[in-house]
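Written below as structure tokens is the structure these notes are about.
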Amino acid sequence: MWQDCELHRAHGVSIHRNRNSFFELVNKGEYNWNVKEHRDMCRSMLMTACDLGAVTKPWEISCKVAELVTSEFFEQGDRERSELKLTPSAIFDRNRKDELPGLQLEWIDGICAPLYEVMLAHNASPTEAVTG
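Per the UniProt record's numbering, the sequence shown starts with residue 1, numbered consecutively.
Shown next as structure tokens:
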């Protein structure tokens, strides 16, 4: 499980590091599939899009996925605190669980919406994800 948490954490760090660069490249028409760094950024963004798919499932499944993800994040935060003597970021810190709704809104506004907009710019099929 720890390896899964590490992979997810690395993915999260990658998103924050690369998303603005990726969005900028795509919006300027400078994205180039032949450039490895561009493909890596795209893969990271597509992993994010896949992560978001859980909310399209029936309510019971969506709730279960949310519980599992939250549990995994909190376990990682606990290990960061106990083993690495670090203060985990808010999303991984069970002591700050009351902040989760606001963090989720930031995630939607800062990552999900821009990602769907970029996807829409290159493929008309996800229109409903952007327009509701």
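Ideal placement from N, C-alpha and C gives every residue a C-beta, glycine not left out.
Distance between residue j and residue i (C-alpha atoms, nearest Å)
| i | j | result |
| --- | --- | --- |
| E30 | F22 | 10 Å |
| H38 | C112 | 19 Å |
| P88 | N32 | 36 Å |
| P114 | A54 | 18 Å |
| E24 | V118 | 10 Å |
| V69 | P58 | 17 Å |
| R43 | Y116 | 14 Å |
| F92 | L84 | 14 Å |
| C50 | S82 | 31 Å |
| N20 | L46 | 14 Å |
| G110 | T48 | 12 Å |
| Q76 | K28 | 37 Å |
Residue i - DSSP class collapsed to helix/strand/coil
| i | result |
| --- | --- |
| D40 | helix |
| W33 | coil |
| residue 142 | Outside the shown range of the chain, which is 1 to 132, sits residue 142, and nothing can be said about it. |
| K97 | helix |
| K89 | Residue identity differs from the one stated: residue 89 is Ser in this sequence, not Lys. Three-state result, S89: coil. |
| P114 | helix |
| K64 | helix |
Expected contact under 8 Å - CB spacing of residue i and residue j to nearest Å
| i | j | result |
| --- | --- | --- |
| G105 | A90 | Checking the sequence shown, residue 105 turns out to be Leu, not Gly. At roughly 13 Å, the Cβ-Cβ gap does not stay under 8 Å, so L105 and A90 are not in contact. |
| residue 133 | R94 | For residue 133 there is no data in the structure shown, the boundaries of the chain being 1 and 132. |
| A121 | V26 | 7 Å |
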